[in-house]
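Read top to bottom, the protein sequences are chains D and R. Take the UniProt record's numbering: the final residue in the first sequence is number 705, and no numbers are missing along the way. Take the UniProt record's numbering: the final residue in the second sequence is number 705, and no numbers are missing along the way.
Protein chains: 2
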Amino acid sequence: MAPISTVVTNGADKNGSPHLQTSPTQDQKEIDQALRTFRCLIADLCEQFKGGHPGGAMGMAAIGIALWKYTMKYSPTNPNYFNRDRFVLSNGHTCLFQYTFLHLVGYPAMTMEQLKSYHSTRTDSICPGHPEIENDGIEVTTGPLGQGVANAVGLAMATKHLGARYNRPGFEVVNNMTWCMIGDACLQEGVAMEAIQLAGHWKLNSLVVIYDNNQVTCDGSVDLCNTEDVNAKMRACGWDVIDVDDGCYDVPALTVALSQARSNTKPTFINVRTVIGIGSKVAGDAKAHGAAYGAEDVASIKTKFGMDPEQHFVVQNEVYDFFRDAIQRGQAHENEWNQLLERYAKEYPELHQEFLLRVEGKMTDDWTKIIPSKEEFPTTPTPSRKSAGFCCNPLASKLQNMMVGTADLTPSVNMAWKGKVDFQHPDLKTTCGINGDYSGRYVHWGIREHAMASISNGLAAFNKGTILPVTSSFFMFYIYAAPGVRMGALQGLQQIHIATHDSIGTGEDGPTHQPIALAALYRAMPNLLYIRPCDSEETAGAFISALKATNSPTIISLSRQNLEQYPQYSCREKAQKGAYVFVEEEDADVTLIGVGAEMVFAMRTRQLLQEKFNVKARVRSVLKYKSTPRVVIEAYAVNGWERYADAGFSMSSFGHSLPGPAAYKYFGFDEQVIAPKVAEFLGDVKRDGLASLRGEFRDLNDGHH
Amino acid sequence: MAPISTVVTNGADKNGSPHLQTSPTQDQKEIDQALRTFRCLIADLCEQFKGGHPGGAMGMAAIGIALWKYTMKYSPTNPNYFNRDRFVLSNGHTCLFQYTFLHLVGYPAMTMEQLKSYHSTRTDSICPGHPEIENDGIEVTTGPLGQGVANAVGLAMATKHLGARYNRPGFEVVNNMTWCMIGDACLQEGVAMEAIQLAGHWKLNSLVVIYDNNQVTCDGSVDLCNTEDVNAKMRACGWDVIDVDDGCYDVPALTVALSQARSNTKPTFINVRTVIGIGSKVAGDAKAHGAAYGAEDVASIKTKFGMDPEQHFVVQNEVYDFFRDAIQRGQAHENEWNQLLERYAKEYPELHQEFLLRVEGKMTDDWTKIIPSKEEFPTTPTPSRKSAGFCCNPLASKLQNMMVGTADLTPSVNMAWKGKVDFQHPDLKTTCGINGDYSGRYVHWGIREHAMASISNGLAAFNKGTILPVTSSFFMFYIYAAPGVRMGALQGLQQIHIATHDSIGTGEDGPTHQPIALAALYRAMPNLLYIRPCDSEETAGAFISALKATNSPTIISLSRQNLEQYPQYSCREKAQKGAYVFVEEEDADVTLIGVGAEMVFAMRTRQLLQEKFNVKARVRSVLKYKSTPRVVIEAYAVNGWERYADAGFSMSSFGHSLPGPAAYKYFGFDEQVIAPKVAEFLGDVKRDGLASLRGEFRDLNDGHH
């Protein structure tokens with residue numbers, strides 16, 4: 001499709017850049033001045049605090065002019081208007097590139113004072129070392145290299161999906177582009193290569209990746225570690241490729257390339273040759289990458305570019321004038337879109353109503369009524385991954401904002417609902433018999449856990465609440481996804497990660513598939529919920545918590561194997577508190593903390609303690625309880641539990657390849673082993689007194705076998 | 001090179017498969033019977049316990065015959081002889097493929113009884129659900145998809161490197177091949193794509209990747225999530241590509257392809273069309289992937305292949321006979337190699353001496369004398385990343401077994417030593433002016449943290465102790481590398497991971513680059529040392545610990561910023577214990593636990609407590625100490641410290657983009673903030689008594705700012 005050109009608007013040219021008053025060929029004089037000014041300003045901004053990343057930003061100046069002056073649809077006075085183009089800076093260390101253009105085109109918050117706060121001690125700076133989503137004009141927090149590419153794929157995917165559901169002939173209410181700037185490094189990170197495969201497979205022509213090809217990384221020439229034919233590779237991945245030879249100055253060529261990309265039928269890769277740190281004495285060298293250039297070189301840069309070496313942070317009025325039309329252009333885009341929506345409301349009132357809910361980030365249905373009640377769950381042993389299906393399938397079938405996907409584990413994770421439609425390019429039907437289209441909300445991520453999480457960050461970041469991504473895989477493989485899951489938590493993006501086959505209960509696949517330490521990472525991670533429900537009712541509670549957590553991702557950790565159901569004890573409301581009395585016991589001698597798939601061992605141990613050891617045990621969740629010793633039972637590394645318990649029966653080694661029940665037995669998860677250990681521990685406590693426990697956490701599992 | 005064909009040996013054919021008594025074209029009858037037998041046996045092995053992965057193994061049978069009968073150099077009676085070919089099963093779930101061929105060619109440990117233990121409750125099974133390095137004939141533990149490709153690149157890299165150092169004209173003492181079997185999934189995982197780029201860049205013609213192209217994954221057709229032109233992509237990455245159309249039966253074609261690959265000048269990708277679960281009623285379908293076929297289908301498979309449906313686990317003597325020459329062939333390879341070594345010893349006695357040390361996995365020099373003494377370190381504030389350079393550079397320059405690399409952070413991590421030679425293909429000198437050759441021991445991994453770790457597992461697994469990989473990057477990016485680091489720990493492979501820029505001291509790069517939760521993962525991970533030294537002397541201790549840990553990887557976590565040096569307190573010997581009294585104090589009121597880059601806050605807090613609050617503080621490392629309250633000070637999530645401390649001053653949120661010192665101040669890491677909190681805490685303890693502390697861990701950092 002050509003998303004823009006179908007919307008005929010006043011002053012739009014054939015290439016679909018609306019309101020383009022002038023063309024880069026007419027503006028050559030202004031462009032030259034803007035380039036000089038921009039590059040000297042970057043050098044100054046890094047020089048003042050003797051640090052930062054000037055080289056890339058200076059090299060990319062012409063690309064920035066082609067984007068912000070002649071190509072992108074955005075509105076400085078309303079940075080978040082819904083149908084804006086999204087810009088992603090995957091090479092986030094060049095953030096001054098973006099900050100400075102946001103300043104030049106008139107984003108009110110991005111004052112020169114703010115620009116100058118880059119690398120300062122100002123705690124209210126909106127110019128951090130990498131772009132952060134909280135700030136106007138920033139669509140996603142990138143930073144760790146490669147993430148931005150995946151985020152951009154998610155943003156472009158959102159456009160295609162929302163367009164497929166809500167656009168109608170003559171009413172393209174969602175048709176924005178996503179422009180992603182990358183450096184050499186982003187083409188080496190696996191997460192980017194996974195995302196590139198998917199963008200090509202889905203033919204996301206709403207996505208344009210602009211490669212700042214300066215052939216320099218920290219170590220030196222890219223040839224040190226990468227000599228592939230990148231254009232041929234991108235074509236093999238289903239992308240179109242455009243080359244631009246003089247990316248440092250040729251704004252007209254860049255503008256034509258960007259405009260061509262816009263009317264493409266595939267995602268486009270624009271390979272732009274640039275010179276890192278152009279103008280500096282270290283231009284084209286790795287030294288130009290990540291350090292200030294020193295007063296002398298900065299002065300010589302200014303002399304070279306015909307600016308006054310004595311003056312700093314200079315932006316001439318002509319340069320501001322040159323970019324001044326950005327605000328009007330932006331407001332015109334908004335107005336067009338608002339007018340389009342008004343006509344849309346008349347033509348398609350119901351669709352318009354639903355669309356408004358999406359724009360406001362509201363659910364399209366009352367989800368609280370959709371999750372099955374306790375009575376509707378089977379009381380026979382059930383794997384909690386199946387319980388998750390009971391909860392999520394009806395939600396996904398009704399809630400239009402849910403996009404549910406899996407890293408190639410559809411038969412195992414139970415996330416596919418009856419009547420689901422796959423998110424696919426419609427052409428695949430004819431080319432290889434694959435059903436689905438862009439309106440589909442079930443995503444086959446392939447065996448790409450990292451991209452699944454990082455693309456989902458882009459889906460969630462398109463517009464807060466418009467899309468709620470649900471990912472799924474085995475819990476162990478969320479160690480591949482961890483960098484993406486972390487970035488979701490850091491950005492406060494709501495997502496639900498369905499992590500099945502947790503702990504050693506996974507069984508035969510062996511230690512390579514049995515998570516032991518991973519839970520410690522997610523329990524320590526800020527702004528992330530990690531929940532291990534023990535049965536269907538607690539799984540329902542986990543989904544309610546996840547749906548309420550509109551500013552956090554949630555991992556729901558689930559079992560492969562059948563779990564006892566405890567309808568008489570488990571409670572979705574209490575579970576949301578993260579902790580509650582499971583089984584109360586008058587004057588208990590001990591509190592057993594049961595967790596997720598291992599609750600069954602806590603319950604059986606409780607019974608055995610009573611029968612064989614005359615010990616009364618209360619079973620709880622995490623909550624602290626002072627007056628009796630507390631023992632946690634979980635088949636993970638115990639790290640972190642010491643805060644809530646006095647002793648633990650847990651894992652201190654990797655797992656073993658055995659059938660699930662045999663694996664548990666092998667590591668001593670068996671009431672016949674646990675109960676005596678607990679009784680012995682209680683004997684010691686009785687002898688030495690509760691005080692003896694302080695801080696002296698006791699490991700009760702001596703590794704058995 | 002053509003590693004084999006240059007060694008002319010009795011009975012070697014032109015294609016370089018020595019001692020090939022017969023050719024696949026002559027053996028068609030035996031081959032057909034072997035294929036039938038193999039496929040029925042796989043079906044039986046999965047059927048007995050109603051589980052496992054039969055489909056891939058059955059589809060790959062002909063590939064296995066081409067490998068184990070006509071191509072690979074291995075010795076069943078001495079599985080670990082040094083110059084053997086390495087086989088890696090990256091699609092590890094098809095492990096029955098490998099186990100069954102190990103049985104057929106006569107690996108003594110792999111009895112039929114052991115084969116039958118697959119998916120059983122036998123705890124001493126050597127047939128786990130994925131191959132494990134502890135067992136004969138298994139080179140690496142694969143499992144999580146994509147890892148095996150990277151491991152294979154590491155094994156192939158080891159061959160090129162050792163060959164470059166030790167081979168001499170007519171004396172190819174190291175010239176083995178690495179054969180890596182992959183499935184569709186391995187071509188989607190980022191870690192594999194990173195490794196593929198590097199193998200192409202390095203022209204590792206010692207590597208052959210065999211693609212079991214059955215176009216089926218768990219979700220169904222590969223077209224659901226991948227429609228790239230894989231051959232074109234591999235060529236773009238610098239690989240040669242060979243297609244084999246009938247991979248299910250055409251052993252002659254497969255043998256020719258493997259033989260061509262052997263005499264290639266680039267790494268080779270053999271794209272083999274196969275049918276998953278061939279013979280079964282679900283052949284070619286996703287259902288054939290990961291479940292037993294049921295008694296009826298297994299019977300019909302046997303009928304289809306002309307075997308008796310009533311009989312199970314049948315291997316006719318003719319089939320054993322067919323593979324019987326494997327043992328003699330293997331012993332012949334060994335003898336040749338041993339004879340070659342004898343001649344080599346006479347011709348190159350010194351080189352031979354060094355080579356023997358490498359084969360035995362011994363250091364080539366007495367490393368204990370190489371690390372600088374305390375007196376040689378500067379006493380002025382020093383970043384511990386620089387201290388790491390002081391320790392590692394002399395080690396790397398002397399120890400031939402060290403291969404040190406970085407994920408494109410040479411200027412930041414200080415791992416490059418004077419006179420280092422890069423590991424590169426010599427051609428790069430002429431093609432793009434890059435210096436280096438295969439004898440080089442400094443590796444430019446590019447921006448590929450995950451592949452860096454997973455390829456290093458292959459380097460370390462080539463032969464225990466022969467190569468000691470040292471990786472380096474910012475600590476935060478070890479979240480990308482985590483799946484590889486974990487597999488190293490799981491396999492007990494010695495490696496040193498140099499993780500710089502730890503905690504919020506990293507500063508301006510911001511929260512995206514500041515690790516908060518990551519340490520919790522590595523502290524919880526079995527068989528991994530995670531060490532945060534506080535100054536140069538403790539850094540020396542960390543290296544000694546890492547070099548002594550011959551069965552574990554070690555992460556040394558280091559600061560970007562300058563750290564106070566404490567020569568009067570710090571001690572490399574005590575540091576190796578993981579905990580010791582740093583500053584003793586008669587009748588101390590509190591024990592402060594100082595860690596790594598935050599030791600300075602413990603020391604300053606101690607002083608301020610004394611001066612302003614009349615509180616006596618002892619400073620310690622982790623060790624427990626009962627009689628006084630213990631406070632840990634570290635800029636990470638506190639999870640796990642509760643075991644060793646009663647209170648903590650730590651992080652509960654992500655970081656902030658500020659200069660390092662400002663970032664610490666922003667989060668309250670400042671003795672002016674910490675000391676009063678500690679004093680207040682001690683007041684409470686005095687009032688309520690030590691017993692009041694039990695388990696009630698106290699967070700002293702209320703987030704300041």
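For every residue, glycine included, the Cβ atom is placed at its ideal position computed from N, Cα and C.
query	result
Residues of chain D with CB under 9 Å from residue 452 (chain R), in chain order?	In chain order: nothing, as chain D lies at least about 10 Å away.
Give a yes or no on whether the minimum CB-CB distance between residue 662 (chain D) and chain R is below 8 Å.	yes
Mind checking if residue 455 (chain D) is an interface residue toward chain R, Cβ cutoff 8 Å exclusive?	no
Report the rounded CA-to-CA distance for residue 674 (chain R) versus residue 607 (chain R), giving the unit in angstroms.	11 Å
Got a sec: is the Cβ-Cβ distance from residue 652 (chain R) to anything in chain D below 8 Å?	yes
So, residue 450 (chain R) versus residue 194 (chain R), is the Cβ gap smaller than 8 Å?	yes
In chain order, what residues of the region 215–239 of chain R put their CB closer than 9 Å to some CB of chain D?	217, 218, 219, 220, 221, 222, 223, 224, 225, 226, 227, 228, 229, 230, 231, 232, 233, 234, 235, 236, 237 and 238
Name the chain R residues that come within less than 9 Å of residue 130 (chain D), Cβ to Cβ?	509, 510, 511, 512, 513 and 657
If you pair each beta-carbon of the region 491–511 of chain D with each one of the region 556–567 of chain D, do three or more pairs fall below 8 Å?	yes
Under a CB-based cut-off of 8 Å, is residue 389 (chain R) close to chain D?	no
Could you spell out where the beta strand (DSSP E) holding residue 472 (chain D) opens and where it closes?	468–474
Any Cβ of chain R within less than 8 Å of the Cβ of residue 188 (chain D)?	yes
Out of curiosity, what's the CA-to-CA distance linking residue 291 (chain R) and residue 120 (chain R)?	15 Å
At least one CB of chain D closer than 8 Å to the CB of residue 378 (chain R): is that the case?	no
Take the Cβ of residue 382 (chain D) as the centre, count every other Cβ of all protein chains shown within 10 Å, and call the residue buried at 16 or more, exposed below.	buried
Do residue 89 (chain R) and residue 137 (chain R) have their CB atoms nearer than 8 Å?	no
For residue 501 (chain D) and chain R, any beta-carbon pair shorter than 8 Å?	no
Please name the residue, chosen from R:585, R:640, R:44 and R:654, that lies closest to residue 620 (chain R) on a Cα-to-Cα basis.	R:585
Applying a beta-carbon distance threshold of less than 7 Å, which residues of chain R neighbour residue 444 (chain D)?	219, 224 and 225
Going by DSSP in three states, residue 603 (chain D) sits in which element: helix, strand or coil?	helix
If we cut at 8 Å on Cβ distances, does residue 392 (chain D) have a partner in chain R?	no
Any Cβ of chain R within less than 8 Å of the Cβ of residue 144 (chain D)?	yes
Hey, could you find the ends of the alpha helix (DSSP H) residue 712 (chain R) is sitting in?	A query on residue 712 (chain R) cannot be resolved here, the shown segment of chain R reaching from 1 to 705 and no further.
With 8 Å as the threshold, decide whether the Cβ of residue 518 (chain D) is near any Cβ in chain R.	yes
By DSSP's criteria, residue 216 (chain R) is part of a beta bridge. Which residues make up the other side?	R:221
Can you find the residues in the same chain that come closer than 6 Å, C-beta to C-beta, to residue 145 (chain R), ignoring five residues on each side of it along the sequence?	185, 186 and 189
Answer yes or no: does any C-beta atom of chain R fall closer than 8 Å to that of residue 408 (chain D)?	yes
Residues of chain R with a CB under 8 Å from the CB of residue 438 (chain D): which are they?	The contacting residues do not exist; residue 438 (chain D) stays about 15 Å from chain R at best.
Counting pairs of Cβ atoms below 8 Å between the region 431–442 of chain D and the region 121–130 of chain D, do you hit three or more?	no
Can you look up residue 112 (chain D) in the DSSP assignment and give me helix, strand or coil?	helix
Counting only runs that start and end within the region 536–590 of chain R, where is the beta strand (DSSP E) found for 3 or more residues in a row?	553–557 and 581–583
Out of D:232, D:60, D:168 and D:106, point me to the one whose CA is closest to residue 180 (chain D)'s CA.	D:60
Could you work out which residues of chain R lie near residue 526 (chain D), taking near to mean beta carbons separated by less than 9 Å?	516, 517, 637, 651, 652, 653 and 654
Determine, using beta-carbon pairs with one atom in the region 485–504 of chain R and one in the region 525–541 of chain D, whether at least three such pairs fall under 8 Å.	no
I'd like to know if residue 480 (chain D) contacts chain R, where contact means its C-beta is closer than 8 Å to some C-beta of that chain.	yes
So, at 7 Å on beta carbons, what are the nonlocal neighbours of residue 709 (chain R) in its own chain, with the 5 sequence-adjacent residues on each side left out?	This structure does not reach residue 709 (chain R), given that chain R is present from 1 up to 705, and the question cannot be answered.
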